[in-house]
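Visitor: Letter by letter, the sequence shown follows residues 1 to 598 of UniProt numbering. Quick one: structure below, then a few questions.
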Amino acid sequence: MNIVFFLEILGCLGIFLYGMKVLSEAVQKLAGQRMRYVMATMTQNRVSGLMTGLGITALLQSSSATTVIVVSFVNAGLLTLIEAIGVIMGANLGTTVTAWIIAAVGKFSVAKIAVPLVGVGLPMFFVGKGRLKNIGEATIGFGLLFFGLGLLKETVPDVRGMLASDDEAIRAQAEHYLQMVKNLAGHGYLSYLIFLVLGIGLTLVVQSSSAAMAITVTLAINGWIGFEESAFVVLGENIGTTVTAWLAALGANVHAKRAARAHFMFNVMGVVWMLLAFPLFAQAVLWLGAQLPESFRTAKQTTDIGFSLALYHTLFNLTNILLLIWFVPFIARVVTKWVKDPSEEEAEERHKLTYISQSLVATGELNLPEAEKATIELAELTKDMFEGFVNVFKHPEEDLSAEVARLRGLEDQADEMTEEITEYLVRATADDIGQRNAIQVAQMLRIVAELESISDTTYRLIKFVRRKYRKEHEFVKTATEGIRDCANHVSTFIDMYNEKMFQPVSDTEIGKALDLEDEIDRIRKQVNRKAMKRMAEADADIEGEILILEINNHCEKIGNYALNIMQSLYLIANEEEAPEQLAAEVEKIKSGLHHQKD
């Protein structure tokens with residue numbers, strides 16, 4: 001076993017992992033929006049959550065990608081902890097599909113299916129657009145996945161062939177490695193723990209339970225390890241894969257951390273009962289394997305041990321779910337106590353964003369729900385600020401210095417949130433997120449910019465009102481009523497975009513928004529016209545009238561910003577903007593951020 005052999009194994013794993021990455025990312029582009037909808041709406045009970053996790057993992061061929069989706073959704077508040085645990089259970093069962101694929105590779109010529117799959121997908125990928133291009137990419141990924149597995153099986157030598165070799169050195173090498181395995185396997189439960197730890201370590205090294213499974217099944221098929229040893233390596237891989245979710249939750253909110261801990265706890269509890277029940281469970285697996293058709297038969301046949309492991313992995317995860325699904329509330333309570341909720345700190349840091357990612361599969365799209373949540377918080381903050389302005393304007397007789405200070409703090413917070421959300425969205429565009437999501441990101445960048453403009457303009461309004469009261473300017477009744485009327489219409493507009501934020505906007509609703517903006521503009525012109533007329537009078541309070549113009553014009557500006565937000569929400573729902581808009585918008589934002597830092 002020299003360096004060349006090691007590099008060959010590494011190359012086979014590389015092709016397999018790259019195929020898995022291409023397949024997973026293509027499926028996300030094809031079904032990303034539907035996947036997010038399913039995850040958010042079809043997880044209300046444990047059974048539907050379980051089936052959702054199973055289906056998504058079977059599609060993505062990566063339980064790591066599914067658990068990262070779960071963590072990002074919990075972090076964004078779209079899934080509760082109990083719903084997340086159900087999805088994670090389903091993801092564990094979904095990953096067994098990979099084991100069956102790996103086992104099946106030994107039963108037919110991989111080249112007969114892998115190379116044609118790449119051949120079918122290539123023209124669609126290079127010539128096709130949109131959905132067809134993504135289908136081509138998924139087909140290529142599936143072909144590469146099979147091709148990598150086939151190469152891995154051929155690269156790892158068959159120990160039986162080595163033992164039968166005429167070359168004494170080869171026979172001695174095979175006997176040496178088999179003796180090492182035998183020495184490790186001869187200590188009862190201690191041996192189980194040794195192979196369990198090896199499985200954990202293998203998964204941590206390759207950072208993929210699917211790749212670790214591929215190595216384990218290939219070694220078993222070629223006779224290097226027996227059924228019992230490989231079964232406990234597989235159990236270790238079940239624990240090792242929870243590290244992905246754990247890492248994804250680093251820096252995330254307390255709920256996402258609890259979801260990651262629940263994944264770990266669920267898998268560890270399964271391993272604990274399996275350690276106690278393994279002898280009986282193994283016999284049951286081998287008996288069931290003997291009932292399968294001849295082509296799948298596994299009963300003590302070393303050549304078909306891959307199917308034994310796939311069956312074992314499936315039955316273990318299925319049994320673990322049946323045993324523990326009733327204890328989901330208990331698991332939730334344990335991890336809630338495990339990960340304390342620093343409520344005061346969380347309230348102070350509520351606007352902090354955590355970009356959820358993992359190394360093997362691009363997850364830009366998976367982060368959009370949290371960006372949406374943060375944008376909704378920013379929109380609610382602008383509403384709070386404008387209501388504060390109205391309150392200050394309507395109550396000149398009260399001491400509202402504390403309220404003004406609070407609003408100043410909100411304006412600073414809005415600036416921080418804007419910068420964070422913008423940088424976050426720009427980071428998401430580093431991944432190929434598909435045309436629909438590209439349109440959404442471009443419009444989200446526009447919405448965030450408009451919300452910042454609303455917060456800045458609102459704070460300027462507050463300063464104008466403070467100047468009015470400080471210098472004791474008296475507005476005429478018609479001017480005060482006009483400003484209040486304009487502010488009431490703006491409040492209605494702000495309520496409108498808060499209610500429709502990331503919800504479908506119809507033609508009728510965008511028509512109402514246009515009418516509302518026209519009415520605000522009409523009021524502005526009417527109030528300004530009267531103010532200009534009063535300024536021409538000999539005893540006019542010029543500074544006071546200028547304040548009326550400033551307040552009125554700034555209210556109307558907020559109406560314009562609100563209309564822009566409604567238009568962006570309409571474009572997101574109707575996909576009526578070219579994706580090229582994204583590149584221009586991102587470059588513009590990047591330039592702005594760079595200028596701010598300089």
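For every residue, glycine included, the Cβ atom is placed at its ideal position computed from N, Cα and C.
1) Return the chain-ordered ranges of every beta strand (DSSP E) run that is complete within the UniProt domain "PhoU" (377-462) and spans a minimum of 3 residues.
2) Determine whether the beta carbon atoms of Gln-443 and Ser-568 lie at a separation below 7 Å.
3) On a CA-only basis, which of Glu-398, Met-385 and Glu-481 is nearest Asp-415? Give me that one, please.
4) Run through DSSP, which three-state label would Glu-519 get?
5) Going by the beta-carbon positions, is the gap between Val-71 and Ala-259 smaller than 7 Å?
6) Between the Cα of Asn-45 and the Cα atoms of Asp-166, Pro-329 and Ile-194, which residue gives the shortest distance?
7) Could you round the C-beta distance between Ile-200 and Gly-226 to whole angstroms and report it? I think they count as a contact, below 8 Å.
8) Quick check: what's the CA-CA separation for Leu-461 versus Ile-542?
9) Does the structure place the segment 505-525 close enough to the segment 472-488 that three or more beta carbon pairs sit under 8 Å?
10) Which residue marks the beginning of the alpha helix (DSSP H) containing Gly-77, and which one marks its end?
11) Straight-line CA distance for Glu-316 to Gln-503?
12) Can you tell me the Cα-Cα spacing of Gly-55 and Lys-133, whole angstroms?
13) What is the DSSP secondary structure of Met-501, reduced to helix, strand or coil?
14) Within a Cβ cutoff of 7 Å, which residues of the same chain sit near Phe-125, ignoring the five residues on either side of it in sequence?
15) Secondary structure at His-489, three-state DSSP: helix, strand or coil?
16) My guess is that Gly-306 and Ile-102 are in contact by the Cβ rule of under 8 Å, so how many angstroms apart are they, rounded?
17) Between which two residues does the alpha helix (DSSP H) containing Phe-330 stretch?
18) Let me make sure I understand the geometry here. Which of Ala-538, Leu-516 and Asn-574 has the alpha-carbon closest to that of Leu-563?
19) Helix, strand or coil, according to DSSP, for Gly-236 in the structure here?
20) With a threshold of 7 Å on Cβ separation, who are the neighbours of Glu-545 within its own chain once the five nearest residues in sequence on each side are excluded?
21) Go through its chain and collect everything with a Cβ distance to Leu-59's Cβ below 6 Å, but skip five positions before and after it.
22) Counting beta carbon pairs with one atom in the segment 116-130 and one in the segment 75-88, are three or more of them shorter than 8 Å?
23) Could you say which of Leu-17, Gly-236, Asn-253 and Val-74 lies nearest to Phe-147 if we only look at CA atoms?
24) Rounded to a whole number of angstroms, what is the C-alpha to C-alpha distance between Phe-393 and Lys-468?
25) Could you tell me which of Thr-242, Met-265, Gly-388 and Trp-287 sits nearest to Asn-488, measuring between CA atoms?
26) Quick check: Ala-99 and Ala-231, are their CB atoms within less than 7 Å of each other?
27) Suppose contacts are defined by Cβ-Cβ distances below 7 Å. Is Thr-155 in contact with Cys-12 by that definition?
28) Would you give the residue range spanned by the alpha helix (DSSP H) that Trp-287 belongs to?
29) Can you name the start and end residues of the alpha helix (DSSP H) that Glu-154 belongs to?
30) Look at Leu-451 and Thr-508 and say whether their C-beta atoms are less than 7 Å apart.
31) Given a cut-off of 7 Å, decide if Leu-198 and Val-233 are closer than it, judged by their beta-carbon atoms.
32) In whole angstroms, give me the CA-to-CA distance for Ala-249 and Ala-256.
33) Can you tell me whether Phe-5 is buried or exposed, with buried defined as 16 or more other CB within 10 angstroms of its CB?
34) Going by C-alpha to C-alpha distance, which of His-187, Ala-332, Phe-278 and Asp-341 sits closest to Thr-319?
35) Cα-Cα, which of Phe-493, Leu-30 and Ala-538 is closest to Asp-518?
Guide: Answer, in terms of the structure:
1) none
2) Within the sequence shown, residue 443 is the residue found at index 443, counting from 1. Within the sequence shown, residue 568 is the residue found at index 568, counting from 1. Yes, the pair counts as a contact, with Cβ atoms nearer than the cut-off.
3) Stepping through the sequence shown from its first residue, residue 415 is reached at position 415. Taking only the C-alpha atoms, the option nearest Asp-415 is Met-385.
4) Stepping through the sequence shown from its first residue, residue 519 is reached at position 519. Three-state result, Glu-519: helix.
5) Along the sequence shown, read from residue 1 onward, the residue named residue 71 stands at position 71. Along the sequence shown, read from residue 1 onward, the residue named residue 259 stands at position 259. Inclusion of Val-71 and Ala-259 in the CB contact set at 7 Å is warranted, their separation being smaller than that value.
6) On the sequence shown, position 45 is the one that residue 45 refers to. That would be Pro-329, whose Cα lies nearest to the Cα of Asn-45.
7) Looking up residue 200 in the sequence shown gives position 200. Looking up residue 226 in the sequence shown gives position 226. In fact, because the Cβ distance is near 19 Å, the residues do not count as touching under 8 Å.
8) Here residue 461 refers to the residue found at position 461 when the sequence shown is read from its first residue. Here residue 542 refers to the residue found at position 542 when the sequence shown is read from its first residue. Whole-angstrom Cα-Cα distance: 18 Å.
9) yes
10) Position 77 of the sequence shown, counted from the first residue, corresponds to residue 77. Premise fails: Gly-77 is in no alpha helix (DSSP H) and is neither H nor E.
11) By one-based count along the sequence shown, residue 316 stands at place 316. By one-based count along the sequence shown, residue 503 stands at place 503. Looking at the sequence provided, one finds Phe at residue 316 rather than Glu. The straight-line gap from Cα to Cα measures roughly 42 Å.
12) Residue mapping note: residue 55 aligns to position 55 of the sequence shown, counting from 1. Residue mapping note: residue 133 aligns to position 133 of the sequence shown, counting from 1. C-alpha separation (whole angstroms): 23 Å.
13) Within the sequence shown, residue 501 is the residue found at index 501, counting from 1. In the structure shown, Met-501 sits in coil (DSSP, three-state: anything other than H, G, I, E or B).
14) Translated into positions along the sequence shown, residue 125 becomes position 125. Counting only Cβ-Cβ distances below 7 Å, and skipping sequence neighbours, we find Lys-133, Gly-136, Glu-137 and Ile-140.
15) By 1-based counting over the sequence shown, the position of residue 489 is 489. His-489: helix per DSSP, three-state reduction.
16) As a working note, residue 306 is residue 306 in the sequence shown. As a working note, residue 102 is residue 102 in the sequence shown. Sure, about 7 Å apart at Cβ, within 8 Å.
17) Within the sequence shown, residue 330 is the residue found at index 330, counting from 1. First-last of the alpha helix (DSSP H) with Phe-330: 328-338.
18) To locate residue 563, count along the sequence shown from 1; it is residue 563. Restricting attention to Ala-538, Leu-516 and Asn-574, the CA atom closest to the CA of Leu-563 is found in Leu-516.
19) Looking up residue 236 in the sequence shown gives position 236. Three-state result, Gly-236: helix.
20) Locating residue 545 in the sequence shown gives position 545, counting from the first residue. Once the five neighbours on either side are set aside, the close Cβ partners of Glu-545 are Ala-531, Arg-534 and Met-535.
21) Translated into positions along the sequence shown, residue 59 becomes position 59. The residues are Val-27.
22) Cβ pair count under 8 Å is below three, so no.
23) Working through the sequence shown from its first residue, we reach residue 147 at position 147. Ranking the options by Cα distance to Phe-147, first place goes to Leu-17.
24) Numbered from its first residue, the sequence shown carries residue 393 at position 393. Numbered from its first residue, the sequence shown carries residue 468 at position 468. The alpha-carbon atoms of Phe-393 and Lys-468 are separated by roughly 10 Å.
25) To locate residue 488, count along the sequence shown from 1; it is residue 488. Closest option to Asn-488, Cα to Cα, is Gly-388.
26) One-based indexing of the sequence shown puts residue 99 at position 99. One-based indexing of the sequence shown puts residue 231 at position 231. Their beta carbons are not under 7 Å apart, which means Ala-99 does not touch Ala-231 by this criterion.
27) Mapped onto the sequence shown, residue 155 falls at position 155. Mapped onto the sequence shown, residue 12 falls at position 12. In contact: Thr-155 and Cys-12 (Cβ atoms closer than 7 Å).
28) Stepping through the sequence shown from its first residue, residue 287 is reached at position 287. That run of the alpha helix (DSSP H) goes 254-291.
29) Locating residue 154 in the sequence shown gives position 154, where the first residue counts as 1. Run containing Glu-154: 131-155, per the alpha helix (DSSP H) assignment.
30) Position 451 of the sequence shown, counted from the start, is the residue given in the question as residue 451. Position 508 of the sequence shown, counted from the start, is the residue given in the question as residue 508. Not in contact: Leu-451 and Thr-508 (Cβ atoms no closer than 7 Å).
31) Counted from its first residue, the sequence shown places residue 233 at position 233. Counted from its first residue, the sequence shown places residue 198 at position 198. Yes, Cβ-Cβ distance for Val-233 and Leu-198 is below 7 Å.
32) In the sequence shown, counting from the first residue as 1, residue 249 sits at position 249. In the sequence shown, counting from the first residue as 1, residue 256 sits at position 256. When rounded, the distance between both Cα atoms is 6 Å.
33) As a working mapping, residue 5 is identified with position 5 in the sequence shown. Exposed, since its Cβ has fewer than 16 Cβ neighbours within 10 Å.
34) As a working note, residue 319 is residue 319 in the sequence shown. Minimum Cα distance to Thr-319 is reached at Phe-278.
35) Here residue 518 is taken as the residue at index 518 of the sequence shown, counted from 1. For the set Phe-493, Leu-30 and Ala-538, the Cα lying nearest the Cα of Asp-518 is the one of Phe-493.
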